[in-house]
Structure formats: C-alpha cells, structure tokens
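*Asks:* Next up is a structure, given as structure tokens.
Residue numbers (the UniProt record's numbering): 1 to 487.
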C-alpha cells in the first residue's frame, strides 16, 4: 500500500468514525480489497471487522451486500450504522411486512449497504431485484457458518456461491473471529472462489486477557451449586451458555431466587420483543447476567463483559473460541469457565447429530419421495433432504455428504473432550488447534487443574452475599426445579 492510499484511508477513518488509527488487521484487509482480491479476514472478536466494509463502501460507488446469520445481528448493525450517519442502509429480512418489502425492492437502488440472510437471498424474487444493482462487495459475516452450518442446519449457505455468480459480484469478503485451516479451505471451496485470488489475513485468535478454567463435576447438583456460588462471587456482567433451553430457563429462575443478580434467559423460544429488550438492557448494564443458548452474543459488541461460563459443552472448539471471545473486549482481565461432567459429551453428541439424517432415513426419503407431502411436513430432516432433492443431488451424493458430516461432528466433539481432559496448559491446546504455538504460560493464563483465585485476577465481586430471604437451602431448590429434567 502506498503512503497516499494509507493516508486517505486514515482520513476517512477519522472523518466518518472518529478514530485516529486502525486496529490490527483492518488496514491490511482494506489494502487487499483495493488490490481487487477476495479476502478471508480472521480477526479476533472486538477487532472492528464491520468497519472494514463500511469504509470500503465509502470508497466504492456501488452497493455492499452483507450476508448475516441472525436478524438481531442485522438490526443491531443497521442501528449502529444509522447512528453514525449512514441513512442508505437496510436490513432485508423477515421482519419486514409485505408492503415494506415491496417498498425496499422498488427502491433497492437507493441503498448502499444491504443486510440479508442466506434464506432471503435464495428467494428468486429477491435475486431478481438484486440483479438490478451493481454490487462492489459481497460480505459474508460470521463466515465460519458456511462450513459449520451449511450442510445440515442452514443449507441455504450452500447457495451463496450461485448467488455470487448470478449477481456478478466483483469481490467477496469473508469475516470471522476463528477458523482453523480446515474451516478456511472449506469456506473458500463452498463459495467456489479461486484460492490464488483469495488472500487470507489472520491475526492471532489468542485473547491473553481471558483466563481459562475447566472445572469437573460428578453430577448435575454439584455443578448447579458451583455455578450459583461462582456467579455470586464473580464481578460481572457475564454470560452463561447452555445447550438446553429448558435448563437455561430453570437456571435463570434459580439465580433470581438465590441472588440479587438481574438475570434473564435468552434463546429461540423467547419472543422477539423480549429478545430485543434483553439484548438492549444487557448492552446498557441493566442486566447482570444472561442465561443463553448460542444464539446470544453473535455480533454483540459489549466491551465490559467480565466472564463467560459454559454450563454445557459447545459442539466445536471454534464455537467455544467465538463465545468466550465475548468477554474482555475492553482489554481488561476477564475469565472463561468450562463446567464439565462426563454426561455432557452425550448431550452434545445428541444435539450435534439431531438434524443429521442417517442412511436409513436418506434411503427412505429417496424411495418414497412421491408419497411424502414435503410442503406440509414438520420434520426438519425431511425439509433438509428436500433441499438436496430439489437441487438435483443424487442419493449417493447425499449419503456420502451426511456420512462425512457425522464423522466430522464426532471428530469435533472428540477435540472438545480432549480440551477438558488436558493436563497441561489450556491455552496452548486451544491455540494449537488454530495452528498457533504458545509457550508463555503464566499465573493469569489458565488454571491447569488448579484452584482459581478470583481476588488475584481482580474479578472478585465486592458484595457477594445476599440477605437470606428464602430459608430453603440451594440443594432443596435445585432438586425441586431439576427433578427428572429431560434436556
């Protein structure tokens, strides 16, 4: 990059965003884009990835199309951009009413930044509308979703490569906070991009200010009691991740009973209005703790989250790194706990493979397709198989695809199991998975199976205890709430 171009970019940064200098990685990505390359940018959470395409849009004359996985994430980004003065920005998603959608499609040429989901982009009428405009940059936000979600959870991600061709996109920018070498290659391949014309810009995924700890338990009750004591002792705000919506609700209720913490559950069964309220109250420090599933946090730009706790195992180490990366974006000391018991691996395996059809289900579907009323079928596996059938994929291709996916998911869970079982430095194991080396273990790195000293870390809450308003002990309350729970 020549000095004049760098100076021009810094001028835009200062004028439109008020910053004096770029964060690590931002300038390198912009430079690669200005050299007409496709770019995969792997930058840590809090590194300002969204600013990259905002600046690029200010330089280039035509539209920037941003593929975003969550409606809440789109709305948050649109609100932030409008606050900064961008009026020509729209979230094109299912929250728009029929008349609003028609208005957007009629006036599509007026928008500079268009946020859209993969599902909406697959709609033929939307595609027809977008073909009326020129797109300078096709952005895939949270690009790891292509590799991790594309085959079974949201197969419309697999259509993105066709959309890139159909819309005659000039360049593609893939943004993510974590991606192993395998995920990088898979993502670029699934978008049908030329590897030689695609530059990968990667900063370290290491978040040195986040202390890592794994705590092991023999049973649910011990884990639940530990969590209550832990969040009562930790300086917040924080997030506790659950794999079960039911347990997230029940733990939220228990925490309300036993502590003074302001806590809310957050997951797909919470209605849209409440989710919006919870998200904004959390952002504005009106909520201390969110008991959430993985839907919460993606794109959340809250600087002062002090802790992230995983009550259950996530399904991949990439997800784990994404989620613990919500903590400590202000650079201050934070902490990530993994609470583990042996039965957790079985729950994670059931959840990981829940939507993956096996050989018998695939054979049955292809043999009986004419008898199945797909449009009225509520089974997610039937809908998924119909996606592949309607695209003309053969039965053998589908069989191989889902066999490979099953193997890959089990392999990912084995990597997670190895992490919670490691006897050495937790950070070293994590970074090795992302092809980074680490040999700088210290007292603020990880627990290495030792006790965690919250006071030493500066994370001990000042007012720990609550006046005893409820005479029942924790164990009695837990038993009443969690007896015979089916996760």
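Think of the CB as a built atom: it goes at the ideal place given N, C-alpha and C, for glycine as much as any other residue.
Since this is a predicted model, take the numbers as computed values, not measurements.
How would you call residue 218, buried or exposed, if buried means at least 16 neighbouring beta carbons within 10 angstroms?
*Replies:* Numbered from 1 along the chain shown, position 218 holds the residue referred to as residue 218. When all chains shown are included, residue 218 counts as exposed.
*Asks:* Please name the residue in 311, 341, 294 whose C-alpha comes closest to that of residue 326.
*Replies:* Along the chain shown, one-based indexing puts residue 326 at 326. Here the closest residue by C-alpha is 294.
*Asks:* Over the uninterrupted alpha helix (DSSP H) stretch that includes residue 381, give me the two end residues.
*Replies:* On the chain shown, position 381 is the one that residue 381 refers to. Taken as a continuous stretch (DSSP letters only), the alpha helix (DSSP H) holding residue 381 covers 380–390.
*Asks:* Tell me the rounded alpha-carbon separation between residue 18 and residue 301.
*Replies:* The residue given as residue 18 occupies position 18 in the chain shown. The residue given as residue 301 occupies position 301 in the chain shown. For residue 18 and residue 301, the distance between alpha carbons rounds to 17 Å.
*Asks:* What does a CB cutoff of less than 6 Å around residue 56 pick up in its chain, not counting 5 residues either side in sequence?
*Replies:* Within the chain shown, residue 56 is the residue found at index 56, counting from 1. Contacts found: 33, 137.
*Asks:* Locate the alpha helix (DSSP H) running through residue 569, then write down its first and last residues.
*Replies:* The structure shown does not extend to residue 569, since the chain is modelled only from 1 to 487, so the question has no answer here.
*Asks:* Decide if the region 36–47 is in contact with the region 125–135; the criterion is three or more beta carbon pairs, one per stretch, under 8 Å apart.
*Replies:* No: the two stretches stay apart, fewer than three of their Cβ pairs being nearer than 8 Å.
*Asks:* In terms of residue numbering, what span does the beta strand (DSSP E) encompassing residue 265 cover?
*Replies:* For the purposes of this step, residue 265 is identified with residue 265 of the chain shown, where counting begins at 1. That run of the beta strand (DSSP E) goes 263–266.
*Asks:* Pick from 357, 368, 367, 370: whose alpha carbon is nearest that of residue 379?
*Replies:* Position 379 of the chain shown, counting from 1, holds the residue named residue 379. Per the Cα distances, 357.
*Asks:* Which of helix, strand or coil does DSSP assign to residue 57?
*Replies:* Residue numbering aside, residue 57 sits at position 57 when the chain shown is read from its first letter. Here residue 57 sits in helix by DSSP.
*Asks:* Could you say which of 198, 157, 70 lies nearest to residue 37 if we only look at CA atoms?
*Replies:* On the chain shown, residue 37 is found 37 positions in, with the first residue counted as 1. Looking at the Cα atoms, 198 is the closest of the given residues.
*Asks:* Quick check: residue 307 and residue 234, are their CB atoms within less than 8 Å of each other?
*Replies:* Position 307 of the chain shown, counted from the start, is the residue given in the question as residue 307. Position 234 of the chain shown, counted from the start, is the residue given in the question as residue 234. In this structure, residue 234 lies closer than 8 Å to residue 307 by Cβ.
*Asks:* Measure the C-alpha to C-alpha separation of residue 196 and residue 254 and round it to an integer number of angstroms.
*Replies:* The count along the chain shown starts at 1 and reaches residue 196 at position 196. The count along the chain shown starts at 1 and reaches residue 254 at position 254. Looking at the two C-alpha atoms, the distance is approximately 54 Å.
*Asks:* What number of angstroms, rounded off, separates the C-alpha of residue 455 from the C-alpha of residue 324?
*Replies:* If you number the chain shown from 1, residue 455 lands on position 455. If you number the chain shown from 1, residue 324 lands on position 324. Rounded to whole angstroms, residue 455 to residue 324 spans 21 Å at the Cα level.
*Asks:* Find out if the Cβ-Cβ distance for the pair residue 266, residue 275 is shorter than 8 Å.
*Replies:* Numbered from 1 along the chain shown, position 266 holds the residue referred to as residue 266. Numbered from 1 along the chain shown, position 275 holds the residue referred to as residue 275. Yes, Cβ-Cβ distance for residue 266 and residue 275 is below 8 Å.
*Asks:* Thinking C-alpha only, which one of 64, 69, 178, 389 is nearest residue 171?
*Replies:* Here residue 171 refers to the residue found at position 171 of the chain shown. The option with the nearest alpha carbon to residue 171 is 64.
*Asks:* What residues are listed by DSSP as bridge partners for residue 336?
*Replies:* Counted from its first residue, the chain shown places residue 336 at position 336. Answer is 212, 308, bridged to residue 336.
*Asks:* So for residue 485, helix, strand or coil by DSSP?
*Replies:* Working through the chain shown from its first residue, we reach residue 485 at position 485. In this prediction, residue 485 scores a pLDDT of 35, lower than 50, which makes its location untrustworthy; the coordinate-derived value is nonetheless stated afterwards. In this structure, residue 485 counts as coil in the three-state DSSP scheme.
*Asks:* Which runs of the alpha helix (DSSP H) at least 4 residues long sit entirely within the region 101–162? Give them in chain order.
*Replies:* 118–121, 124–130, 144–149, all fully within the region 101–162.
*Asks:* Just curious, the alpha helix (DSSP H) that residue 248 is in, first and last residue?
*Replies:* The count along the chain shown starts at 1 and reaches residue 248 at position 248. Note, residue 248: alpha helix (DSSP H), 245–258.
*Asks:* Return helix, strand or coil for residue 199, following the three-state DSSP convention.
*Replies:* Position 199 of the chain shown, counting from 1, holds the residue named residue 199. Reduced to three states, the DSSP call for residue 199 is strand.
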